[in-house]
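Before any comments, here is the structure.
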DNA sequence: GTCTATAAACCGATAGAC
DNA sequence: GTCTATCGGTTTATAGAC
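Residue numbers (the working numbering), protein chains in the order written: chain A, 7 to 205; chain P, 7 to 205.
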């Protein structure tokens, strides 16, 4: 009857994997959260790893065709990255765990990571030629920066949790723009000032 | 007879946890790696979480009393941070997993993290007043930077693994100095040039 | 201190009724 | 499609011999 049983399973699995990781969640847990029996879940996904594989497939949306070319577009992209990482933290935070399940999963992670890096590289290339960011001080400077950016996007949330007893409330956008500020041209700084003043 | 059974257990546990994480290692695995029976291990640590708690205690050495004040000392500190993270990756990489075991473990992590951050803050304060790094462009600029530095120190190794199919060999020291370069004064750049030329 | 043996619970996967 | 029942294996933790 319910054609959406499969979707209910995937949604329940995503939420549980996000919170407890692949090993921390049993097939029984997923069935209970989806409101179905374990036998029924097995009917849809015969093996546990089939669940996470289907989850990866449904969550691997292609990146937008054009990389950001303005400060505002880059700011939006940071927000989107942050949302994606939090909504699919099973994928980003537990990637060491996932890659040990199967080789296919590791390659999916690796492919997604390289696509994101290429996207960011194109973005900063455009932003430089549009006069928002200054030229490189040395060859590969922006590549270093992009590596650091990606790590902050992925690991900021758990890092934030680790320092939660610190009084000052951390914020991803402030963090990442704080590390980028020195690279902005006067034109870039003016536009960023406008954006940050709005919220 | 053997007074070092406890140490053998901790060492075996550290290595296995580093490789497979807390959930990925059973008490039987640890006993086998330590060359003793499971019952004997239970005699020394009645519960599995007691093992990781004892491991945390034995690995939580206090930081050196004085923070780095020269470029060379900072470079050495980066190398040491990297070594510590790799030797105790069970602690750094699986902290989300560990903090769900017990509240005590989470607080140990949080305390260690804050101690490291304070150490880095003192270091960059000294390095600025010694004329190796430029003053802040805005209040909190170096705090942002230190957050990013810490994340790179912790997550660089698994990140490196994720991009292993990329041709260029990544390197933590180059990565971190690449992100710091623009903050160095001429004096700082001269000293860094000397250090990097040596190896 | 170290061991073997085992209890009690949970795991993923399967079989078969409806 | 959905369910209950169960198999074979593994887990942590305990009991007791030496």
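For every residue, glycine included, the Cβ atom is placed at its ideal position computed from N, Cα and C.
{"Query": "Is residue 164 of chain P close to chain A? Criterion is C-beta to C-beta, closer than 8 Å.", "Result": "yes"}
{"Query": "Expressed to the nearest angstrom, what Euclidean distance is found between the alpha-carbon atoms of residue 199 of chain P and residue 179 of chain P?", "Result": "13 Å"}
{"Query": "What is the rounded straight-line gap between the Cα of residue 162 of chain A and the Cα of residue 22 of chain A?", "Result": "20 Å"}
{"Query": "For the alpha helix (DSSP H) that residue 180 of chain A lies in, which residues bound it at each end?", "Result": "178–186"}
{"Query": "Who are the Cβ neighbours of residue 141 of chain P in its own chain at under 8 Å, not counting the five residues just before and after it?", "Result": "134"}
{"Query": "Between residue 85 of chain A and chain P, is any beta-carbon pair separated by less than 8 Å?", "Result": "no"}
{"Query": "Please report how far the alpha carbon of residue 55 of chain P lies from the alpha carbon of residue 139 of chain P, in whole angstroms.", "Result": "44 Å"}
{"Query": "With H, G and I counted as helix, E and B as strand and the rest as coil, what does DSSP make of residue 190 of chain A?", "Result": "strand"}
{"Query": "Going by other Cβ atoms of all chains shown within 10 Å of its Cβ, with 16 needed for buried, is residue 110 of chain P buried or exposed?", "Result": "exposed"}
{"Query": "What is the residue span of the alpha helix (DSSP H) that residue 44 of chain P lies within?", "Result": "44–50"}
{"Query": "May I have a chain-ordered list of the alpha helix (DSSP H) segments no shorter than 4 residues that lie completely inside the region 107–162 of chain P?", "Result": "109–135"}
{"Query": "Which two residues bound the contiguous alpha helix (DSSP H) that contains residue 96 of chain P?", "Result": "95–99"}
{"Query": "Against chain A, which members of the region 149–160 of chain P pass a CB distance test of less than 7 Å?", "Result": "150, 151, 153, 154, 157, 158"}
{"Query": "Nearest by alpha-carbon distance to residue 48 of chain A: which of A/104, A/65, A/33 is it?", "Result": "A/33"}
{"Query": "Do the region 178–197 of chain A and the region 112–126 of chain A make contact, defined as three or more Cβ pairs closer than 8 Å?", "Result": "no"}
{"Query": "For a cutoff of 8 Å on Cβ pairs, would you count residue 94 of chain A as touching chain P?", "Result": "no"}
{"Query": "Chain P beta carbons: is any one of them nearer than 8 Å to that of residue 116 of chain A?", "Result": "yes"}
{"Query": "Hey, would you say residue 75 of chain A sits closer than 8 Å to residue 132 of chain A, going by beta carbons?", "Result": "yes"}
{"Query": "Which residues in chain A have a C-beta closer than 8 Å to the C-beta of residue 147 of chain P? List them in chain order.", "Result": "184, 187, 188"}
{"Query": "Can you pull the chain A neighbours of residue 144 of chain P, defined as C-beta to C-beta under 9 Å?", "Result": "184, 187"}
{"Query": "When the Cα of residue 65 of chain A is compared with those of A/13, A/183, A/108, which residue comes out closest?", "Result": "A/13"}
{"Query": "If you run the structure through DSSP and keep just helix, strand and coil, what is residue 7 of chain A?", "Result": "Residue confidence is low: residue 7 of chain A scores 47 on pLDDT, short of 50, so the model does not pin down where it sits. Its coordinate-derived value is still stated next. Note: residue 7 of chain A maps to coil in three-state DSSP."}
{"Query": "Less than 8 Å between CB atoms is the rule here; does residue 127 of chain A satisfy it with respect to chain P?", "Result": "no"}
{"Query": "DSSP on residue 16 of chain A, reduced to helix/strand/coil?", "Result": "helix"}
{"Query": "Run through DSSP, which three-state label would residue 164 of chain A get?", "Result": "helix"}
{"Query": "Is the Cβ-Cβ distance between residue 150 of chain P and residue 181 of chain A less than 8 Å?", "Result": "yes"}
{"Query": "Return the first residue and the last residue of the alpha helix (DSSP H) that residue 72 of chain P is part of.", "Result": "That residue, residue 72 of chain P, is in no alpha helix (DSSP H); it is neither H nor E in DSSP."}
{"Query": "Pull up the distance between the alpha-carbon of residue 57 of chain P and that of residue 51 of chain P, whole angstroms please.", "Result": "6 Å"}
{"Query": "Can you say whether residue 204 of chain A is buried or exposed, counting buried as having 16 or more other CB atoms within 10 angstroms of its CB?", "Result": "exposed"}
{"Query": "According to DSSP, simplified to helix, strand and coil, what is residue 38 of chain P?", "Result": "helix"}
{"Query": "State the Cα-Cα distance for the pair residue 197 of chain A and residue 90 of chain A, rounded to the nearest angstrom.", "Result": "25 Å"}
{"Query": "Would you give the residue range spanned by the alpha helix (DSSP H) that residue 170 of chain A belongs to?", "Result": "Neither: residue 170 of chain A is in no alpha helix (DSSP H) and is coded neither H nor E."}
{"Query": "Relative to chain P, which residues along the region 190–203 of chain A have a C-beta separation below 7 Å, given in chain order?", "Result": "none"}
{"Query": "Any beta carbon of chain P sitting closer than 8 Å to that of residue 120 of chain A?", "Result": "yes"}
{"Query": "Just to confirm, is the Cβ distance from residue 157 of chain A to residue 83 of chain P under 8 Å?", "Result": "no"}
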